[in-house]
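A.B. asks: Let me begin by handing over the structure; questions about it come next.
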Amino acid sequence: MPQSADKVLDHSKLFHEPEYKEMLENKRAKYENATPAPQVTEILDWTKSWDYREKNLAREALVINPAKACQPLGAVFAAAGYEGTMSFVHGSQGCVAYYRSHLSRHFKEPASAVSSSMTEDAAVFGGLVNMVDGLANTYALYQPKMIAVSTTCMAEVIGDDLNSFIIQAKEKESVPADFDVPFAHTPAFVGSHVDGYDNMQKGIISHFWKDAERKETDSINIIPGFDGFAVGNIRELNRILGEMGVTYTILSDVSDVYDTPSDGDFRMYDGGTKLDDVKAAVNAKVTVSMQEYCTKRTLEVCEKAGQATEVFHYPMGVQGTDEFLMKMSELSGKAIPDSLTKERGRLVDAMADSQSYLHGKTYAIYGDPDFVYSMARFVMETGGEPTHCLATNGGKEWKAKMEALLASSPFGAKAQVWAGKDLWHLRSILATEPTDMLIGNSYGKYLERDLGIPLIRLTFPIFDRHHHHRFPTWGYQGGLNVLVKILDTVLDKLDAETGTLGETDISFDLTR
Numbered sequence: 017m018p019q020s021a022d023k024v025l026d027h028s029k030l031f032h033e034p035e036y037k038e039m040l041e042n043k044r045a046k047y048e049n050a051t052p053a054p055q056v057t058e059i060l061d062w063t064k065s066w067d068y069r070e071k072n073l074a075r076e077a078l079v080i081n082p083a084k085a086c087q088p089l090g091a092v093f094a095a096a097g098y099e100g101t102m103s104f105v106h107g108s109q110g111c112v113a114y115y116r117s118h119l120s121r122h123f124k125e126p127a128s129a130v131s132s133s134m135t136e137d138a139a140v141f142g143g144l145v146n147m148v149d150g151l152a153n154t155y156a157l158y159q160p161k162m163i164a165v166s167t168t169c170m171a172e173v174i175g176d177d178l179n180s181f182i183i184q185a186k187e188k189e190s191v192p193a194d195f196d197v198p199f200a201h202t203p204a205f206v207g208s209h210v211d212g213y214d215n216m217q218k219g220i221i222s223h224f225w226k227d228a229e230r231k232e233t234d235s236i237n238i239i240p241g242f243d244g245f246a247v248g249n250i251r252e253l254n255r256i257l258g259e260m261g262v263t264y265t266i267l268s269d270v271s272d273v274y275d276t277p278s279d280g281d282f283r284m285y286d287g288g289t290k291l292d293d294v295k296a297a298v299n300a301k302v303t304v305s306m307q308e309y310c311t312k313r314t315l316e317v318c319e320k321a322g323q324a325t326e327v328f329h330y331p332m333g334v335q336g337t338d339e340f341l342m343k344m345s346e347l348s349g350k351a352i353p354d355s356l357t358k359e360r361g362r363l364v365d366a367m368a369d370s371q372s373y374l375h376g377k378t379y380a381i382y383g384d385p386d387f388v389y390s391m392a393r394f395v396m397e398t399g400g401e402p403t404h405c406l407a408t409n410g411g412k413e414w415k416a417k418m419e420a421l422l423a424s425s426p427f428g429a430k431a432q433v434w435a436g437k438d439l440w441h442l443r444s445i446l447a448t449e450p451t452d453m454l455i456g457n458s459y460g461k462y463l464e465r466d467l468g469i470p471l472i473r474l475t476f477p478i479f480d481r482h483h484h485h486r487f488p489t490w491g492y493q494g495g496l497n498v499l500v501k502i503l504d505t506v507l508d509k510l511d512a513e514t515g516t517l518g519e520t521d522i523s524f525d526l527t528r
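Heads up: the sequence shown begins at 17 in this note's numbering, then just goes up one per residue.
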């Protein structure tokens, strides 16, 4: 066996050694009662047929690998974007470990959150004691400026009242009476992470704006929405609006907390929207959402406060960025500078340079509703065809918007919109109606392996690649980044198809 202190193999190579192959084969034979290989192959082939597809798409009582996560994940993400804020999840430790690991694996950064550690007794008698002790420990140990409370399934099923629990915890001096403890009910068994993000944003804003006397200013509030590329996108947003000279406040700025430097100092809290700025944000004349489906409830609070609201769908590519910049210019009275106009021209030029490789390419796109909408629009700008558009957390309204978008271009003529479907549905769809490429998150790698369709990773979560989130996808510069990712995949595929020595390499060109 080659494994030793002097020669340590990574698991990707270690388990291919003869000793491990023999061990695993013996395990299958003795303990797993494995189905014979020919039968496995026969069934696997059948699951790629139209017959299986019809049965799979008719499925109602089961969800297999949904392209979404649960509400509390979105709540933890939203809370992380505020100054000195610790997420306190009222539920079990295991649930909170999932949220932390999910965010840490994507951003490659620590994701801090604590739990009320509810167990069987709390599930029967309620979690008040857990809340009282948990808030006291969180305040003493982690010294936050704010504690943002959300819930898991357990707390919601038994009906724990967060408002009442927080009041009682303050009465028992777990935290000072004037300490900020906003909350949101985020049941994990309904909705998705975008709803949890929305509920927590609503909870935080409502907490700070309650009974506030509003004095309108020229400032603009911006809510980014749940975004796996938030580090790069929020910084790009700051750059663009800075060049325009816009006065604005980003509500939940996670760009620093999920991209802390290695300089010898651990930062449990870094950056984030200042709490004083959140209080002052009630005076803004308008609140702008970068992702409509992440902010529906939050925008209702803004409207009730007397603010105008505007919504976008993940502004990426030429048209998406045009619409955003023109609206910001209209709202702020600031002109779009020549520097941004030049960036637009460079993106258009890059798209034109590569048009011959992009025209007519077909795509399957999956992810959150706003992302799928924006990605499909950008694909059509390049001359591509978004053949399948799927959002597990997309509903009838989203489907109608998608169909209207696709109908606006000849490149959307063949597109199909799949609202509420999961990635096992998408497997059947692609096995029977394949596309040239697949755009989504890391979970698509299993579809790539199974069906041979190259995957382009452009949305949360990305676990099996590093540092994508540090580069923007919003704006003209972000559109250029996305264009390069798509082109690299197209050209890698072309090289693979023309690289067989003596057979296909007559077209294995140096210049593409």
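Backbone N, C-alpha and C define an ideal beta-carbon position, used for all residues, glycine too.
Tell me His404's beta-bridge partners as DSSP assigns them.
C.D. replies: In DSSP, His404 forms a bridge with Ala380 and Gln432.
A.B. asks: Just tell me which of Pro192, Phe394, His201 and Asn215 has its CA closest to the CA of Gly175.
C.D. replies: If we check each option's Cα against that of Gly175, His201 comes out closest.
A.B. asks: Rounding to the nearest angstrom, what Cα-Cα distance links Asp438 and Tyr382 in this structure?
C.D. replies: If I take the Cα positions, the gap works out to 9 Å.
A.B. asks: Could you give the distance in angstroms between the alpha-carbon of Asp67 and the alpha-carbon of Ala447?
C.D. replies: For Asp67 and Ala447, the distance between alpha carbons rounds to 11 Å.
A.B. asks: Assign Val197 to one of three DSSP states: helix, strand, or coil.
C.D. replies: Coil.
A.B. asks: Start and end of the alpha helix (DSSP H) containing Arg443?
C.D. replies: That run of the alpha helix (DSSP H) goes Leu439 to Thr448.
A.B. asks: Since Gly456 sits in a beta bridge, which residues does DSSP pair it with?
C.D. replies: Arg473.
A.B. asks: State buried or exposed for Asp214, treating a residue as buried only when at least 16 other CB atoms are found within 10 Å of its CB.
C.D. replies: Looking at its Cβ environment, which holds 16 or more other Cβ atoms inside 10 Å, Asp214 is buried.
A.B. asks: When DSSP builds the beta bridges, which residues end up paired with Asp164?
C.D. replies: A small correction: the amino acid at residue 164 is Ala; Asp does not occupy that position in the sequence shown. Paired residue(s): Ser103.
A.B. asks: Pick out whichever of Thr451, Leu60, His484 and Gly494 has its Cα sitting closest to the Cα of Lys509.
C.D. replies: Measuring from the Cα of Lys509, the nearest candidate turns out to be Thr451.
A.B. asks: Could you check what DSSP says for Thr289 in three-state terms: helix, strand or coil?
C.D. replies: Strand, per DSSP.
A.B. asks: Might you give, ordered along the chain, the residues of its own chain that have their beta carbon closer than 8 Å to the beta carbon of Leu463, omitting 5 neighbours on each side?
C.D. replies: The residues are Leu439, Leu442, Arg443, Leu446, Leu454, Ile469 and Leu471.
A.B. asks: Taking Glu397 as part of the alpha helix (DSSP H), name the residues at either end of that continuous run.
C.D. replies: Segment Pro385 to Glu397, the alpha helix (DSSP H) holding Glu397.
A.B. asks: What is the DSSP secondary structure of Thr265, reduced to helix, strand or coil?
C.D. replies: Strand, per DSSP.
A.B. asks: If you compare alpha carbons, which of Met260, Val506, Leu257 and Gly244 is closest to Ser271?
C.D. replies: For Ser271, the nearest C-alpha among the options comes from Gly244.
A.B. asks: Could you pull the DSSP bridge partners for Thr303 from this structure?
C.D. replies: According to DSSP, Thr303 bridges with Asn237 and Thr325.
A.B. asks: Look up Ser131 in the DSSP assignment and give the residues it is bridged to.
C.D. replies: Answer is Val105.
A.B. asks: Any heavy atom of the ligand SAM inside 7 Å of the beta-carbon of Thr63?
C.D. replies: What this structure holds is no ligand at all, so the ligand SAM is not there to describe.
A.B. asks: Assign Tyr68 to one of three DSSP states: helix, strand, or coil.
C.D. replies: If DSSP states are grouped into helix, strand and coil, Tyr68 belongs with the helices.
A.B. asks: Mind checking Gly288: buried by the 16 CB within 10 Å criterion, or exposed?
C.D. replies: With 16 or more other Cβ atoms within 10 Å, it is buried.
A.B. asks: Could you check which residue in Trp414, Thr520 and Leu178 has the C-alpha nearest to that of Asp384?
C.D. replies: The candidate whose alpha carbon is nearest that of Asp384 is Trp414.
A.B. asks: Pull up the CB-CB distance for Lys501 and Leu474, whole angstroms please, since I reckon it's below 8 Å.
C.D. replies: About 7 Å separates the two Cβ atoms, so the contact holds.
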